[in-house]
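With our numbering as the guide, the letters of the sequence shown map in order to residues 1 to 258. Where is the CB? At the ideal position from N, CA and C, for every residue including glycine. It should be emphasised that the depicted structure is a prediction, and the values quoted were computed from it without experimental measurement. In what follows, a structure is listed as structure tokens, so that the remarks can point back to it.
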Amino acid sequence: MHLSSLHRYPVKSLLGESLQRAHLTETGLDGDRRYALLDTATGLIASAKHPRLWRSLLTAKAEGDLTVHINGRAFTREDAGKALNELTGRDVTLIDTPPATAQLHRAVPEKLLDEGVEEFTTSTLGAILPGTFFDFGPVHVITTATLRSIGEHAGHDIAPARYRPNLVIDTDTPGYPEDTWDEITVGPVKLKAIVPSPRCVVPTLAHGDLPPDPDAMCVLAKHHRVETEYGVFATAGAYFSVLEPGDVRLGDAVKIGG
Numbered sequence: 001m002h003l004s005s006l007h008r009y010p011v012k013s014l015l016g017e018s019l020q021r022a023h024l025t026e027t028g029l030d031g032d033r034r035y036a037l038l039d040t041a042t043g044l045i046a047s048a049k050h051p052r053l054w055r056s057l058l059t060a061k062a063e064g065d066l067t068v069h070i071n072g073r074a075f076t077r078e079d080a081g082k083a084l085n086e087l088t089g090r091d092v093t094l095i096d097t098p099p100a101t102a103q104l105h106r107a108v109p110e111k112l113l114d115e116g117v118e119e120f121t122t123s124t125l126g127a128i129l130p131g132t133f134f135d136f137g138p139v140h141v142i143t144t145a146t147l148r149s150i151g152e153h154a155g156h157d158i159a160p161a162r163y164r165p166n167l168v169i170d171t172d173t174p175g176y177p178e179d180t181w182d183e184i185t186v187g188p189v190k191l192k193a194i195v196p197s198p199r200c201v202v203p204t205l206a207h208g209d210l211p212p213d214p215d216a217m218c219v220l221a222k223h224h225r226v227e228t229e230y231g232v233f234a235t236a237g238a239y240f241s242v243l244e245p246g247d248v249r250l251g252d253a254v255k256i257g258g
């Protein structure tokens, strides 16, 4: 097994960038989810998990520290807030420190897929890692095996970008192998599994040039529900914490176990 692609998302819910190498610490990849947008009207963090309000965020791309690309134009950190206001049609503020009780709204995927009903629930950010914009954990891992399994049921390839992973691990193991991993080592970096990644509606949405694809969630809802300590969810990938920090690069060997 080896690390086949590496991704960072400087602004929560915006498209991110592909990397050749990255430094990982206990707070994940350097620069990942460093920023988020605060919705002035609600006091909530803007998230594509509420697609009726925020799906347009997935047309914008963030890179480095910090350039935001919108409709072919590049904006610096100082200018990005105004441009994102215009993109979303809402008053948002680009922030780098979460409010004490940072929350977001997310659509309940089963209601949307099964009944066509938009029902929302409120989630608190930073429950696993306080002071961050992460939903569950600082590092999101998905395998090529999982992507193949979803694609086989869907009848077409499923792009990893739909699931917004940090690390994509190439493996010939069938099924959804990351569900059962405890500790893995990627190059010199040791990771500890937290929970399989519960999926929301985000994978079904358009991501940049990728068109909407309901199969990205429907397949999981029908064929891959996993019991976790938080309940039973349709999952793809898994969240990890960082036990031993270091630098990773494309092609690094991946080993299972401590």
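- When beta bridges are read from the DSSP output, E26 appears opposite no residue.
- Exclusion of the five residues before and after V168 leaves S4, S5, I142, T144 and P160 as the residues of its chain whose Cβ lies within less than 7 angstroms of its Cβ.
- For the 8 angstroms CB-CB criterion, A80 and L66 form a contact.
- For H224, the secondary structure class from DSSP, reduced to helix, strand or coil, is coil.
- In the DSSP annotation of this structure, A234 is not part of any alpha helix (DSSP H); the continuous beta strand (DSSP E) holding it starts and ends at G231 to E244.
- Residue pairing of S18 in beta bridges, as defined by DSSP: H7.
- The beta-carbon separation of P165 and F133, rounded to 16 angstroms, does not stay under the 8 angstroms limit for a contact.
- The residues H23, L24, G187, P188 and V189, in chain order, have a CB closer than 8 angstroms to that of G246 in the same chain once the five nearest residues on each side in sequence are set aside.
- Residues V219 and H223 of the same chain have their beta carbon placed closer than 6 angstroms to that of H153, with the five preceding and five following residues left out of the count.
- For Y239, the number of other beta carbons within 10 angstroms of its own is at least 16, and it is reported as buried.
- For the 8 angstroms CB-CB criterion, L205 and P51 form a contact.
- In the DSSP assignment, D170 falls within the beta strand (DSSP E) that extends over L167 to D170.
- Boundaries of the alpha helix (DSSP H) around K82: R77 to T88.
- Assigned with DSSP and collapsed to three states, Y163 falls in helix.
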